[in-house]
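Trainee: In my numbering, the protein residues as written are 9 to 81. Ideal Cβ positions, reconstructed from N, Cα and C, are used throughout, including at glycine. Predicted model, so just to flag it, every value in this text is computed and none were measured.
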């Protein structure tokens, strides 16, 4: 996917330190945003599917895992 320019406001001291250390602030910000977006997508999925997950957990607690009787370990 292509890249776009965005404007961001950072604490001046943090930006100065990043420059002094030779860090690529754009790539760091991109990675942090990607990680935050993934965490939020996961949180929303768990929230939207909470009922199904609770039902499945109750089923496993009551009946055990599917095909458990066929396991040899």
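May I have the straight-line CA-CA distance separating residue 15 from residue 58, to the nearest angstrom?
Mentor: Rounded to whole angstroms, residue 15 to residue 58 spans 37 angstroms at the Cα level.
Trainee: Quick one: what does DSSP say residue 17 is sitting in, helix, strand or coil?
Mentor: Secondary structure at residue 17: coil, using DSSP grouped into helix, strand and coil.
Trainee: If you reduce the DSSP assignment to three classes, tell me which class residue 34 lands in.
Mentor: DSSP, reduced to helix, strand and coil, places residue 34 within a helical segment of the structure shown.
Trainee: The alpha helix (DSSP H) with residue 108 in it runs from where to where?
Mentor: Outside the displayed range of the chain (9 to 81) lies residue 108, so it cannot be described from this structure.
Trainee: Short of 6 angstroms in beta carbon distance, which residues of its chain neighbour residue 26, apart from the five on each side in sequence? Order them along the chain.
Mentor: So the list reads 33, once near-sequence residues are dropped.
Trainee: Which of the three DSSP states is assigned to residue 26 in this structure?
Mentor: helix
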